[in-house]
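Q: I'd like to ask some things about the structure below.
Residue numbers (this note's numbering): 4 to 259.
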């Protein structure tokens, strides 16, 4: 079973080498690794060229944002299953894709996801927050729940059937697509109660308080678009509670 891993990047010179080496270090061998760069002008492209032997395909050209780049990667992919690893993220260990392949060995499974830790930008071993997920149950998205997107793997056939990232959303298309797939269309998913990804703090959404507000507004719009009810008070309180739990759980992850 071929797993396609897509990394999208733009001026990611400081971190993309870690991401490339993280993918290359995976024990699972049937990997197609695609990098979609948005026309970086720092040194990102030079690093990609330096590690070209570890990359299946790559392009560097202007795009219409991160989700447009992800859609380009999906269109380029030839794997059975697709996952996305951001250009400032790394896998928690070298067995992650083995777990993913095991999940999709069951033909009834459409997707899988796991836990994620937020780490310091300059030290990926210093955990700041722990995003502990859970098994999906009907109605969880109505409470503001979603899996950590960098841990989310989906069969390519699901994208072909239900669509790619919706470019109407600039900051919340990852939330929208997971809600569309899992809550609206009820694809069959499985949860691994283990950390798959170390995610550096400082992504597009977390760069400013304004972006956080914009993302949550987009999330609320996505409920209406997918005809899923949104109890606003429950959504807001659960979002705040989830963030608090992430800080409380940060010391509970045993990397062994």
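Here a beta-carbon is modelled for each residue, glycine too, at the ideal position from N, C-alpha and C.
1. For residue 181, which of helix, strand or coil comes out of DSSP?
2. For residue 29, I'd like the list of residues in its chain whose CB is within less than 6 Å of its CB, leaving aside the five on either flank, ordered along the chain.
3. Once you ignore the five residues that flank residue 9 on each side, which residues in its own chain have a CB closer than 6 Å to its CB?
4. Counting along the chain, where does the alpha helix (DSSP H) carrying residue 74 start and finish?
5. Taking the Cβ atom as the reference point for each residue, do residue 46 and residue 63 lie within a distance shorter than 8 Å?
6. Which word fits residue 109, buried or exposed, when buried means at least 16 other C-beta atoms lie within 10 angstroms of its C-beta?
7. Locate the beta strand (DSSP E) running through residue 6, then write down its first and last residues.
8. Using only CA atoms, which one of 117, 152 and 107 lies nearest to residue 138?
9. Can you tell me the Cα-Cα spacing of residue 112 and residue 228, whole angstroms?
10. Identify which residue in 58, 181 and 72 has its Cα closest to the Cα of residue 13.
11. Rounded C-beta distance between residue 168 and residue 180? I'm assuming under 8 Å.
12. Do residue 155 and residue 90 count as a contact pair if the criterion is CB distance below 8 Å?
13. Can you name, in chain order, every residue of its own chain whose Cβ lies under 6 Å from the Cβ of residue 258, other than the five neighbours on each side?
14. Would you give the residue range spanned by the alpha helix (DSSP H) that residue 107 belongs to?
15. Exposed or buried, what is residue 2 when buried is set at 16 or more other beta-carbons lying within 10 Å of its beta-carbon?
16. Excluding the 5 residues flanking residue 217 on each side, which residues of the same chain have their C-beta closer than 6 Å to its C-beta?
17. What does DSSP give as the partner residues of residue 114 in its beta bridges?
A: Walking through what the data contain:
1. Reduced to three states, the DSSP call for residue 181 is helix.
2. The residues 97 and 100, in chain order, have a CB closer than 6 Å to that of residue 29 in the same chain once the five nearest residues on each side in sequence are set aside.
3. Same-chain partners within the cutoff: 37, 76 and 87.
4. Segment 69–79, the alpha helix (DSSP H) holding residue 74.
5. Taking 8 Å as the cut-off, the Cβ atoms of residue 46 and residue 63 do not count as close.
6. With fewer than 16 Cβ atoms within 10 Å of its Cβ, residue 109 is classed as exposed.
7. In the DSSP assignment, residue 6 falls within the unbroken beta strand (DSSP E) covering 6–12.
8. Relative to the Cα of residue 138, the nearest Cα in the group 117, 152 and 107 belongs to 117.
9. Within the model, the alpha-carbon separation for residue 112 versus residue 228 is close to 26 Å.
10. Measuring from the Cα of residue 13, the nearest candidate turns out to be 72.
11. Sure, about 6 Å apart at Cβ, within 8 Å.
12. No, they are not a contact pair.
13. Any answer about residue 258 is weak, because its pLDDT of 44 lies below 50 and its placement is not dependable; what the coordinates show is given next. Excluding sequence neighbours, residue 258 sits near nothing in its chain.
14. Residue 107 -> alpha helix (DSSP H) spans 99–107.
15. What is shown of the chain runs 4 to 259, which leaves residue 2 out entirely.
16. Closer than 6 Å at the Cβ level, and outside the excluded window around residue 217, lie 174.
17. DSSP links residue 114 through a beta bridge to 157 and 192.
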